[in-house]
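Scroll down for the structure; my scribbles are underneath it.
2 protein chains.
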Amino acid sequence: MPSSTVEDYIKRLYTEQQQAPGELVPMGRLADAMAVVPGTVTTMIKALADSGLVEYEPRAGVRLTAGGERLALHVLRRHRLVELFLVRTLGLDWSEVHDEAEELEHAISEKVLDRIDALLGHPTVDPHGSPIPRANGEVAREETLTLAASHAGRSYRIARVADSESQFLQYAERHGLVPGAQIDVENTDEAAEAVSVRIAGRGQCTLGMSAARRIFLASV
Amino acid sequence: MPSSTVEDYIKRLYTEQQQAPGELVPMGRLADAMAVVPGTVTTMIKALADSGLVEYEPRAGVRLTAGGERLALHVLRRHRLVELFLVRTLGLDWSEVHDEAEELEHAISEKVLDRIDALLGHPTVDPHGSPIPRANGEVAREETLTLAASHAGRSYRIARVADSESQFLQYAERHGLVPGAQIDVENTDEAAEAVSVRIAGRGQCTLGMSAARRIFLASV
DNA sequence: TCTTTCTTTTTGACACTTCAAAATAACGTG
DNA sequence: CACGTTATTTTGAAGTGTCAAAAAGAAAGA
Ligand SMILES: [Mn+2]
Ligand SMILES: [Mn+2]
Ligand SMILES: [Mn+2]
Ligand SMILES: [Mn+2]
Chain A
2 MPSSTVEDYI
12 KRLYTEQQQA
22 PGELVPMGRL
32 ADAMAVVPGT
42 VTTMIKALAD
52 SGLVEYEPRA
62 GVRLTAGGER
72 LALHVLRRHR
82 LVELFLVRTL
92 GLDWSEVHDE
102 AEELEHAISE
112 KVLDRIDALL
122 GHPTVDPHGS
132 PIPRANGEVA
142 REETLTLAAS
152 HAGRSYRIAR
162 VADSESQFLQ
172 YAERHGLVPG
182 AQIDVENTDE
192 AAEAVSVRIA
202 GRGQCTLGMS
212 AARRIFLASV
Chain B
2 MPSSTVEDYI
12 KRLYTEQQQA
22 PGELVPMGRL
32 ADAMAVVPGT
42 VTTMIKALAD
52 SGLVEYEPRA
62 GVRLTAGGER
72 LALHVLRRHR
82 LVELFLVRTL
92 GLDWSEVHDE
102 AEELEHAISE
112 KVLDRIDALL
122 GHPTVDPHGS
132 PIPRANGEVA
142 REETLTLAAS
152 HAGRSYRIAR
162 VADSESQFLQ
172 YAERHGLVPG
182 AQIDVENTDE
192 AAEAVSVRIA
202 GRGQCTLGMS
212 AARRIFLASV
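Top to bottom, those sequences are chains A and B. Offset between the first sequence (1-based) and this note's numbering: plus 1. Offset between the second sequence (1-based) and this note's numbering: plus 1.
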């Protein structure tokens, strides 16, 4: 069975790959994402290539094989179901469940996972709006763009909020920047690196670009 | 933070120590209990002694320090609360929760543990009848003897059933050999290595001595 | 007491995951 | 195209947890 370290590398590779579909993920990017030095990634990726989870092209980058993608989706399913379980059943805040799930995702058996899935009524999205992969590996894909790349004057629905910054999630919740919320982008100020939005039924607020990159929007 | 390996050694040391209170646990016994070779235990125990969790007397054995016992009780609390949670909230069978808890006990944060504790109404015993240590380290202790050491003709209450043999737990449940059950010991046949019991409201059954050692009885 | 047996410790090795620092390859700019 | 910059790989080392096999110590019999 894959170690939790391997599961985390594979999962991260999957999400990095989503950012630029089809392309190889450069080693340095994965190193940043995993918070290790580049040499560590080289070592790890060679091992993952030997076990058939990734295709490695030296000095170019790495991508998941079909088997690697299957594993990534299984881990992601565990992670996201656990997050939703922690919010719904144990009443934790959406800002604190990511770190918990990062550990629990490696300790949960298939049996327990199935029970959680049933208890929650076979949910399709986690508390941050990310789709929960099905047991058979299917995932709902939705066209999204980040708030940072949105167009002033248009309306959107918040599809998903990046889940790894606890502080930001607390801020987002206070302002109603949650999945499902309708927003109007009032103006994006390139020079000031800021975006102003009006949130339906709530107030108005202005975010810096780096925060705006954490909010993912779908049309209408 | 202690690794899960360390937590398992400390927990095991605690339960071995309960078997013969006050005495040192010999290295070989711990090696058997942890299913590793004796040399591995020597190495590990030296490291644990360096970190102040155990007192090690070379060629004599090992015992927990106060700090080690505190850690053991914390791990045991996590283990047993998780077991009860899996049975009560997720509906798993008592015969399958031990192995699950053996992993989950290392992945659960204090916060999640507290929520589980509250959800279950601050329970005091796990599904197998073992006491759940309180967060402050208190544990209910009860005088018990094993069914193997019981006296023919007397009546007892089942206090606890050893939880690590799934097969046996399924058998025990089928026959009503569960914590709280009243039993009469009909006769213990030394030669045949067998004990016959009558279970209140259920039938009668005969167990071999090694099985009888897995059932713990309290008076009346 | 001497010898055999059992337990424990030591030694050397390996798998895994990581880092720091040096070496190398590729890239882009002039 | 040469040069400097940046990305990647290599090398050597460390920490953790494990095993196999040899060595040492303690216990038990003869
Ligand atoms: Mn998450
Ligand atoms: Mn993780
Ligand atoms: Mn148990
Ligand atoms: Mn464990």
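Positions of the beta carbon are idealized from the N, C-alpha and C atoms, including for glycine. Since this is a predicted model, take the numbers as computed values, not measurements.
In the structure shown, B/Ile184 adopts extended strand secondary structure according to DSSP, grouped into three states.
About 5 Å separates the beta carbons of B/Val26 and B/Gly62, which is inside the 8 Å limit, making them a contact pair. Between ligand 1 and the CB of B/His152, the shortest heavy atom gap is not smaller than 7 Å. About 15 Å separates the beta carbons of A/Met210 and A/Glu187, which is beyond the 8 Å limit, so they are not a contact pair. By a beta-carbon distance limit of 8 Å, B/Leu208 does not contact B/Ile133. Their separation comes to about 27 Å. Under the 8 Å Cβ criterion, the region 146–159 of chain A does not count as touching the region 101–114 of chain A, having fewer than three qualifying pairs. According to DSSP, residue pairing for A/Gly62 in a beta bridge involves A/Glu58. Of the heavy atoms belonging to ligand 4, at least one sits nearer than 7 Å to the Cβ of B/Ser5. DSSP places B/Thr16 inside the alpha helix (DSSP H), whose first and last residues are Ser5 to Gln20.
The Cβ atoms of A/Leu85 and A/Leu121 sit closer than 8 Å to each other. When only Cα atoms are considered, B/Glu144 and B/His80 end up about 22 Å apart. In the DSSP annotation of this structure, A/Ser156 is not part of any alpha helix (DSSP H); the continuous beta strand (DSSP E) holding it starts and ends at Ser156 to Val162.
The beta-carbon separation of B/Ser167 and B/Glu106, rounded to 17 Å, does not stay under the 8 Å limit for a contact. Taken in chain order, the members of the region 77–101 of chain A whose beta-carbon sits within less than 9 Å of a beta-carbon on chain B are Leu87, Thr90, Leu91, Gly92, Leu93, Glu97, Asp100 and Glu101. Taking A/Glu174 as reference, the option from A/Gly204, A/Glu56 and A/Glu24 with the minimal CA-CA separation is A/Gly204.
No heavy atom of ligand 4 is found nearer than 7 Å to the CB of B/Glu166.
B/Arg161 and B/Arg78 have their C-alpha atoms roughly 16 Å apart. Taking the beta carbon of B/Ile117 as reference, the chain A residues within 8 Å of it are Leu91, listed in sequence order. Taking a beta-carbon distance threshold of 8 Å, B/Leu72 does not count as an interface residue toward chain A.
Within the model, the alpha-carbon separation for B/Leu91 versus A/Arg135 is close to 20 Å.
Residue side-chain check: B/Asp9 places its Cβ nearer than 7 Å to a non-hydrogen atom of ligand 4. Taking a C-beta distance under 8 Å as the contact criterion, B/Leu178 and B/Ile216 qualify as a contact pair.
For A/Val198, the enclosing beta strand (DSSP E) stretches over residues Ala195 to Ile200. Judged by the Cβ position, A/His107 fails to qualify as a neighbour of ligand 4 at the 7 Å threshold, every heavy atom of the ligand being at least this far. Flagged as an interface residue toward chain A: B/Ser110, by a C-beta distance shorter than 8 Å.
Counting only residues of its own chain and dropping the five nearest sequence neighbours on each side, A/Ala163 has a CB closer than 6 Å to the CB of Arg215. Residues of the same chain with a CB within less than 6 Å of the CB of B/Ser156, apart from the 5 flanking positions on each side, are Asp185 in chain order. Residue-level contact by beta carbon holds for B/His107 and chain A, with a gap shorter than 8 Å. Taking the C-beta atoms as reference points, B/Thr125 is found nearer than 8 Å to B/Ala141.
Bounds of the beta strand (DSSP E) holding B/Gly209 are Gln205 to Gly209. If you draw a straight line from the Cα of B/Leu14 to the Cα of A/Ala201, it comes to about 59 Å.
Chain-ordered listing is empty here: chain B has no CB closer than 8 Å to the CB of A/Glu8, the nearest sitting near 13 Å. Beta-bridge analysis with DSSP links A/Val126 to A/Pro132. Closer than 7 Å at the C-beta level to chain A, one finds no residue of the region 163–182 of chain B. DSSP, read as helix, strand or coil, puts A/Ala219 in strand. Using beta-carbon distances, A/Leu120 counts as an interface residue toward chain B, with a partner under 8 Å.
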